[in-house]
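Below: one structure, written as structure tokens.
In my numbering, the protein residues as written are 14 to 356.
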């Protein structure tokens, strides 16, 4: 009989093992444990059929139909698992750690493939992950107006060995109307949460975790409330650089992309910019004057950020001014500032 282990132990084994999700492809696509591969016992249509039988006729007719479907696939499952694991132990889960993963584990172990199951399944992983977001942790938020280069500072901090939670990278979105430009298609919100959780639980909670100041919504993805509230309550190191430097950063980030995408982004915020500013921004875009487009857009984004910053506990905010934007220098300054405060 396969052993079942709790989510925390299961997650620790993931880097060294193949992880199989035996739920349907639709369930897998909605959200799965990162690094899992999908070996579905039932395809989407098959799962729907069995669910209908269960509702209309009861458990055992549904089980019988499931066996009829699975029977011809059994050798395929064994061969697929052998190819993936090369004889090593396979980690496995279904929705609740019930019949699907239990049946697949029995089959594979009968064929000589050792299996470890996730207690309470994917549902248990999700609950464990949500609970982990409430753990005590020292969070420092890198704040600053749009174009301040906060993401680049986070990258510099990470290169120096600091722990960084790059939410924008996980969401594949920068959080503004322009945020999706140049990014891969966003994952489902559930998968975004799963990726974020896996990164979060990898941290050493005795050390600082650096994170960028974000709104809760980034495109189609939402930061889990448990984490978002902690970010809002955390200490903020506000990065301040001249507007000219911020404009330069934005031009470097966005001018390489298609003007149609940039125009669409401007139009999405036209009600906030106002008619004249929108007209001027579009005119500048048509003339490839990207610096002017950035400058006009900042008038709106600066007001929005200032409004959000004003809602924070002002005693938790420290301002750090720099004449030029040098990510490594800024990162070093932030580290020294924290170390001095910690003495």
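Each residue gets a CB set at the ideal place from its N, CA and C atoms; glycine is no exception.
Note that this is a predicted model, so its numbers are computed, not measured.
Residue j beta carbon less than 8 angstroms from that of residue i
i	j	result
residue 87	residue 35	no
residue 365	residue 348	Since the displayed the chain opens at 14 and closes at 356, residue 365 lies outside it and no answer follows.
residue 94	residue 340	no
residue 172	residue 223	no
residue 154	residue 244	yes
residue 163	residue 157	yes
residue 128	residue 105	yes
residue 67	residue 108	no
residue 199	residue 185	yes
residue 76	residue 120	no
residue 151	residue 221	yes
residue 237	residue 146	yes
residue 30	residue 102	yes
residue 225	residue 311	no
residue 110	residue 137	yes
residue 263	residue 279	no
residue 15	residue 32	no
residue 314	residue 159	yes
residue 282	residue 161	no
residue 330	residue 267	no
residue 23	residue 37	no
residue 253	residue 332	yes
residue 338	residue 227	no
residue 131	residue 20	yes
residue 239	residue 143	yes
residue 98	residue 63	no
residue 51	residue 41	yes
residue 208	residue 47	yes
Opening and closing residue of the alpha helix (DSSP H) in which residue i lies
i	result
residue 15	No alpha helix (DSSP H) holds residue 15; DSSP gives it neither H nor E.
residue 266	256-267
residue 348	340-355
residue 41	38-43
residue 63	57-70
residue 122	112-123
residue 84	Counting along the chain, residue 84 falls outside any alpha helix (DSSP H), and DSSP gives it neither H nor E.
residue 296	288-299
Residues sharing a beta bridge with residue i, DSSP
i	result
residue 105	33, 130
residue 5	The displayed coordinates of the chain run from 14 to 356. Any statement about residue 5 would go beyond what the structure contains.
residue 49	32
residue 334	253
With 16 other Cβ atoms within 10 Å as the buried cut-off, status of residue i
i	result
residue 217	exposed
residue 206	buried
residue 4	A query on residue 4 cannot be resolved here, the shown segment of the chain reaching from 14 to 356 and no further.
residue 45	buried
residue 53	buried
residue 353	exposed
residue 270	exposed
residue 215	exposed
residue 187	buried
residue 249	buried
residue 247	buried
residue 251	buried
residue 260	buried
residue 355	exposed
residue 114	buried
residue 57	exposed
residue 149	exposed
residue 232	buried
residue 286	buried
beta-carbon residue i near the ligand SAH non-hydrogen atom, thresh 7 angstroms
i	result
residue 177	With respect to the ligand SAH, the structure offers nothing, as it holds no ligand at all.
Runs of alpha helix (DSSP H) lying entirely within the segment 187-252, each at least 4 residues, in chain order: Considered as a whole, the segment 187-252 harbours 202-213, 238-246 as its complete alpha helix (DSSP H) runs of no fewer than 4 residues, in chain order.
Alpha helix (DSSP H) segments (min. 4 residues) lying fully within the segment 303-331: Under the rule that a run must span 4 or more residues, the alpha helix (DSSP H) segments found entirely inside the segment 303-331 read 303-323.
Alpha helix (DSSP H) segments (min. 4 residues) lying fully within the segment 143-185: If you keep only unbroken alpha helix (DSSP H) runs of at least 4 residues inside the segment 143-185, you get 163-172, 180-184.
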